[in-house]
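Colleague: Numbered according to mature numbering (1 follows the signal peptide of the UniProt record, and there is no 0), the sequence shown spans residues -21 to -1, 1 to 575.
For every residue, glycine included, the Cβ atom is placed at its ideal position computed from N, Cα and C.
Note that the structure is a prediction, hence the values are computed from the model and not measured.
One structure, as structure tokens, below. Some questions next.
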Amino acid sequence: RAAVATAVVAVAVVAAAVASAHQPGEGRPLTELCADIVESCDAGTDYFPHKMEVELMSQVADIRYHNTYVEFQVPSVDFAVAVVRCGCALPADLPESTHVLYSPAKSAYAYETPDLAFFEKLGAVGMIGAIQTELFLSSEKILQAVQSGAIARASPNYDVAQWWLNSHAGLIDPQVVSELPAFAVISPFDYTSNEFVNETEEKIAVFVSAEVRENSPLARLEWIKLFGLVLGAQQEANDAFESTRARYEQVKELISGSKFVPSVVTNSYYYEEGGSFNGWYTTPSASYVMQYIKDAGAAYRLGNPSGEAMQEDEVLRMFSSARYWIHYITTSATTIDEVLASDKTPSKIYGDMQSAQCGRVSSVNRKQSASKLGSDFFESGVVNPDVVLLDLAKLLHPEIPTSHEFVYYLDFESSSSLSCPLSSLPAVAPSGRHLVDFELLVMGADRFEVEDNVVALASASATALGLDSSAVELHFLAPRDGAETSFVVRAMAATDAVSGVVEKQDELATAAESALKQSTSTTSVTVQGMPAVSPPLEDDAGSGLSGGAIAGIVIGSLVAIALVVVLVVWMLKRQRATGGKGSAVDAHDPEEGVAV
């Protein structure tokens, strides 16, 4: 009877704990949750000496530090959490809606690749207890841990074709995952839908990672601070953020050294037979991709896009003249011929994009998972935004010298079936040739209206300068306010032809204005300042004199010096002959000065 009574009491205690539990994972012993437990917690001791400061994150609010725990919220999904130092008592006044996590956590479950990248950035791969599937993973360290059995798979039979049917239920099945991790990192969607909590029967605490909702690369990176808090690596997280941000700013500074602002088009046409969402989706203005575009010194035509879908006629009108086509959506394409073959638009418009015609199409799939289902851009790219931006600098600004090799972006091989209507000059002129840059100001048309006429402008400019069209290209400068546009006509000419090209500024302005008036009748074009020549002509070293003039000056100077020497010698001999009497110069009154 005593044994039965004891068992009943034990069951009653567990039942009471379950009945009073108001959040997933509550009631588990600390030995399952904690990597380091304080033996005797002192409420007067600050157990979180390294603090985080929210600088860029928009999805995190109300961080409050206490000696034994830290509180914060993710308002967009109504998620409130208290991170308690292992071994310290739960605060008595926590609201019932507050989730509780313990730090430093023993292990974690994560399934979104950006979240897994945070662990690796912090050197905490060993704290990943389980993932859902490895099919989307690029990280070699995490893959090796999965293959060795150090990291379990909650969905070992993950079905890509029916991804919506895959469950997290294996996480709580000891036959699948032998040891339940301390907490799970879940997506905002899975939290608001209760899908994850239901599938795991509320047996594991959750941490909502909303970095995917941040609107800038650095804000996404800053979520590493919250991972550091839970994993007991706050200082390491703070340091990782600051050092990466410093490098990101250095890349921005590098890009600012270029005056050119190329235009871009993003994504591609989404098509599903019989689907109601077919279209070319724009990049929202409030998004991390748009921030990358801005920081990379590029321009996107739509002023305030919200991610709406465009149909092919509008795509051509808005983006056919874009210089670069980036973030082409694909899992396998590496050539523009493959891009053309995948064109699902009703009128097959891909070949009408100047970016495709000129071989300037790229994706973010340089490094993919073994299954080709995942891109490392969406994994380690989240914690290495500085490298992503450097990739963009190399891709969009070939005029910027750099030894950087692409890490995330894949520049597609050009198509032999397409012809580029524009020339592409080298960033540095070959021997015996020079690049001549004319800066033109257009009044009465915005940058993209002018760029729509870039082919006609390039042709007219070449004719005005007396050059072949292959020797002229156009580059646009930073957009101006209102209906003003600045662009550069770059011409390449042989040394003996540069002077003649430079003298044709007026003809160039007239030709450009005439070309633009074919579509925008109110425009006017002027050349701003003197054209820049690179490398400078030897005659242009600073004097503006011709080579013959400079040679004459040098020879004349040498002759003058020789005459002065002869005169001095003659005067000395004469002085000795006259017994030391003063010379004609000495006889002048000092106040009268010396006659010149």
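#1: What is the rounded straight-line gap between the Cα of P400 and the Cα of M509?
#2: Quick one: residues in its chain with C-beta nearer than 6 Å to the C-beta of F356, no 5 flanking neighbours on either side, listed in chain order?
#3: Output the distance between the C-alpha atoms of S266 and Y279, rounded to the nearest integer angstrom.
#4: Give every residue of the same chain whose Cβ lies closer than 6 Å to the Cβ of S285, excluding the five residues on either side of it in the sequence, and list them in chain order.
#5: Please go through the same chain and pick out, in chain order, the residues whose beta-carbon is closer than 6 Å to the beta-carbon of S188, but skip the five residues on each side of it.
#6: Between the Cα of V434 and those of R7, Q497, S237, spot the shortest distance and give me the residue it belongs to.
#7: In the region 382 to 461, which residue ranges form an unbroken alpha helix (DSSP H) of at least 4 residues, counting only runs that do not cross its ends?
#8: Could you pull the start and end residues of the alpha helix (DSSP H) that F168 belongs to?
#9: Please state whether DSSP places V268 in a helix, a strand or coil.
#10: State the Cα-Cα distance for the pair R226 and A372, rounded to the nearest angstrom.
#11: Over the uninterrupted alpha helix (DSSP H) stretch that includes A198, give me the two end residues.
#12: Opposite S513 in the DSSP bridges: which residues?
#13: In angstroms, rounded to a whole number, what distance separates the CA positions of T24 and I16?
#14: What separation, rounded to the nearest whole angstrom, lies between the Cα atoms of T502 and L419?
#15: Looking only at C-alpha atoms, which of A288, T505, L397 sits nearest to V318?
#16: Measuring only the C-alpha atoms, how far is I315 from P241?
#17: How many Å lie between S500 and Q484 at the Cα?
#18: Between the C-alpha atoms of S321 and L205, what's the straight-line distance to the nearest angstrom?
#19: For the beta strand (DSSP E) holding T505, just list the boundary residues, first then last.
#20: For H78 versus F186, is the C-beta spacing smaller than 9 Å?
#21: Give me the residue from A131, S382, E428 with the minimum Cα distance to E463.
#22: Shortest alpha-carbon distance to S382 belongs to which of F97, L369, P409?
#23: Is there at least one Cβ from chain C nearer than 9 Å to D41's Cβ?
#24: Could you check the C-alpha separation between S522 and A198 for me, to the nearest Å?
#25: Suppose contacts are defined by Cβ-Cβ distances below 9 Å. Is residue 604 in contact with Y88 by that definition?
#26: Check whether the region 401 to 413 touches the region 471 to 479, taking contact to mean three or more Cβ pairs, one atom from each stretch, closer than 8 Å.
#27: Mapping DSSP to helix, strand and coil, what is L73?
#28: According to the Cβ coordinates, are G479 and S393 closer than 9 Å?
#29: If you compare alpha carbons, which of L374, P196, S395, M31 is closest to N217?
#30: Please state whether DSSP places M332 in a helix, a strand or coil.
#31: Going by DSSP, what residue range makes up the alpha helix (DSSP H) through S222?
#32: Which of helix, strand or coil does DSSP assign to S117?
#33: So the candidates are E119, E75, F220, Q347; which of them puts its Cα closest to the Cα of Q2?
#34: Per the contact definition of three or more C-beta pairs closer than 8 Å, is the region 98 to 114 in contact with the region 126 to 134?
#35: Which residues in the same chain have their Cβ closer than 6 Å to the Cβ of T310, if we skip the five residues on either side of it in sequence?
#36: Do S341 and W304 have their CB atoms nearer than 9 Å?
Modeller: In short, the structure shows the following:
#1: 28 Å
#2: Within the same chain, F356 has close Cβ partners V343, Y387.
#3: In this model, S266 and Y279 are separated by some 13 Å (Cα to Cα).
#4: Only P263 meet the Cβ criterion.
#5: Around S188: D94, V164.
#6: Q497
#7: 426 to 430, 433 to 444
#8: 167 to 171
#9: Note: V268 maps to helix in three-state DSSP.
#10: 13 Å
#11: 196 to 200
#12: L414
#13: Each residue's Cα considered, the two are about 15 Å apart.
#14: Roughly 12 Å between the two C-alpha positions.
#15: L397
#16: 20 Å
#17: 21 Å
#18: 41 Å
#19: 503 to 506
#20: Going by C-beta atoms, H78 is nearer than 9 Å to F186.
#21: Taking only the C-alpha atoms, the option nearest E463 is E428.
#22: L369
#23: Among the chains in the structure shown there is no chain C, since it carries only a single protein chain.
#24: Note that S522 scores a pLDDT of 40, beneath 50, so its modelled location is shaky; the value from the coordinates is reported in the next line. Whole-angstrom Cα-Cα distance: 51 Å.
#25: Lying outside -21 to 575, the shown extent of the chain, residue 604 is not represented and no answer is given.
#26: yes
#27: Of the three classes helix, strand and coil, the one that applies to L73 here is coil, per DSSP.
#28: Inclusion of G479 and S393 in the CB contact set at 9 Å is not warranted, their separation being larger than that value.
#29: M31
#30: coil
#31: 213 to 235
#32: coil
#33: E75
#34: Short answer: they touch.
#35: K351
#36: Contact flag set, yes.
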